[in-house]
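In the working numbering, the protein residues as written are 375 to 707.
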């Protein structure tokens, strides 16, 4: 059960872009909020070395200021002082943010990607990547729209009481690592969980190239699409059954799409209006398709949806096996 949500802040206005999402999520889950900031050694609590260049104040004072905003009755956040806690920690690396959140009793962590280009900062080795690599805690990545204007308003986040959770799967065991956190979130919010898998038939060019060397039969695209659809539908039905064994009251829907993964996921998310898009990091199909890579980057860039990421545990054998063994990809309180 999610009872405590941590948000990583660094004194910048961009990092604060996740605050509306966090406050709304906390109220919907009836969870506490933990404002976290990591400062690097040396440990000089009183020195100006720790004054943030943008906010101009010491980290603890900064977090107290953010708490005052969140709990101000005149603001729209709607949180009480008892709902919000602050924590400044002095560490050797900001990568320890996930471990710090865990040690403080948080069930999930929220960060921004600083909005430069979707999830490319994650892929290119940013702080966010380091945090993901060093924690088993599920992480919400929020992409702030830094180009927002009156003529180009940001995409509105639907009310959590109405919006479903959307999970992208590719048929691989690794991608299933996102199922438990997503199912827990959906169950606690009492919203549907949508399992979405995109199948992509081989292009005629690839088939022609393959047939030259190996004597493949004439390519029947319609037949292949039917086979791919049937295979994906069968897989999603199995996943749905496995989920119902652990979450009997959860409404689960399976959706099979055909085409380019990023395009289809983006278009479907615009129709579905989910509260978030759940993915497993390093999940790939047999053809080597990364869901935390070009597909995820394009999806986030086009939809601006919060992305709920779960790192695949070492030795993970899939949702069904983990559920049977009484294990989950994450540890919750």
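C-beta: ideal position from N, C-alpha, C; glycine also. Computed from a predicted model, the values in this text were never measured in an experiment.
Open item on the list: Just to confirm, is the Cβ distance from residue 569 to residue 628 under 8 Å?
Closed with: yes
- Query: Alpha carbon to alpha carbon, how far is residue 452 from residue 459?
  - Reply: 15 Å
Can you tell me whether residue 612 is buried or exposed, with buried defined as 16 or more other CB within 10 angstroms of its CB? exposed
Where does the unbroken beta strand (DSSP E) through residue 484 begin, and where does it stop? 482–486
Item checked: Three CB pairs or more closer than 8 Å across the stretch 672–681 and the stretch 553–569 -> no
>> Looking at the strands, I want to know which residues DSSP matches up with residue 388.
In response: Paired residue(s): none; residue 388 is not in a bridge.
| task | Quick one: grab the DSSP three-state call for residue 568. | result | strand
Review point. Which class does residue 411 belong to by DSSP, given the choice of helix, strand or coil?
Key: strand
>> Can you check which of these residues, 622, 557 and 505, is closest to residue 486 by C-alpha distance?
In response: 505
Have a look at residue 555 and residue 455 and give me their C-alpha separation to the nearest angstrom. 28 Å
Under the assumption that residue 631 contacts residue 642 (Cβ atoms under 8 Å), give the Cβ distance between them as a whole number of angstroms.
6 Å
**Prompt:** Does the beta-carbon of residue 375 have 16 or more other beta-carbons within 10 angstroms, so that it is buried, or is it exposed?
**Reply:** exposed
I'd like the list of long-range same chain contacts for residue 445, defined as Cβ closer than 7 Å, with 5 residues on each side in sequence excluded.
453, 454, 455 and 458
Item checked: With 16 other Cβ atoms within 10 Å as the buried cut-off, status of residue 517 -> buried
For residue 547, which residues in the same chain have their Cβ closer than 6 Å to its Cβ, ignoring the five residues on either side in sequence? 692
Note to self: For residue 441, tell me which candidate among 464, 467 and 406 has the shortest Cα-Cα distance.
What the structure shows: 406
Query - Nearest neighbour of residue 400, chosen from 515, 377 and 431 [CA to CA] - result: 377
query: Taking the alpha-carbon positions, what's the residue 476 to residue 608 distance?
result: 37 Å
Pick from 617, 621 and 574 that is closest to residue 600, judged by C-alpha positions
574
- Query: Do residue 690 and residue 549 have their C-beta atoms within less than 8 Å of each other?
  - Reply: no
ask   = Could you give the C-beta distance for residue 669 and residue 619, rounded to a whole number, given that I count them as a contact under 8 Å?
value = The pair is not a contact, with the Cβ atoms about 29 Å apart (cut-off 8 Å).
Measuring from the CB of residue 575, is there a heavy atom of the ligand PLP at a distance below 7 Å?
Ligands displayed in this structure: none; no statement on the ligand PLP is therefore possible.
- [ ] Report the residue from 654, 470 and 623 whose alpha carbon sits nearest the alpha carbon of residue 365.
- [x] Residue 365 lies beyond the stretch modelled for the chain, which goes from 375 to 707, so this question has no answer here.
Are the Cβ atoms of residue 484 and residue 392 separated by less than 8 Å? yes
Residue burial classification, residue 594 (beta-carbon count within 10 angstroms, cutoff 16): exposed
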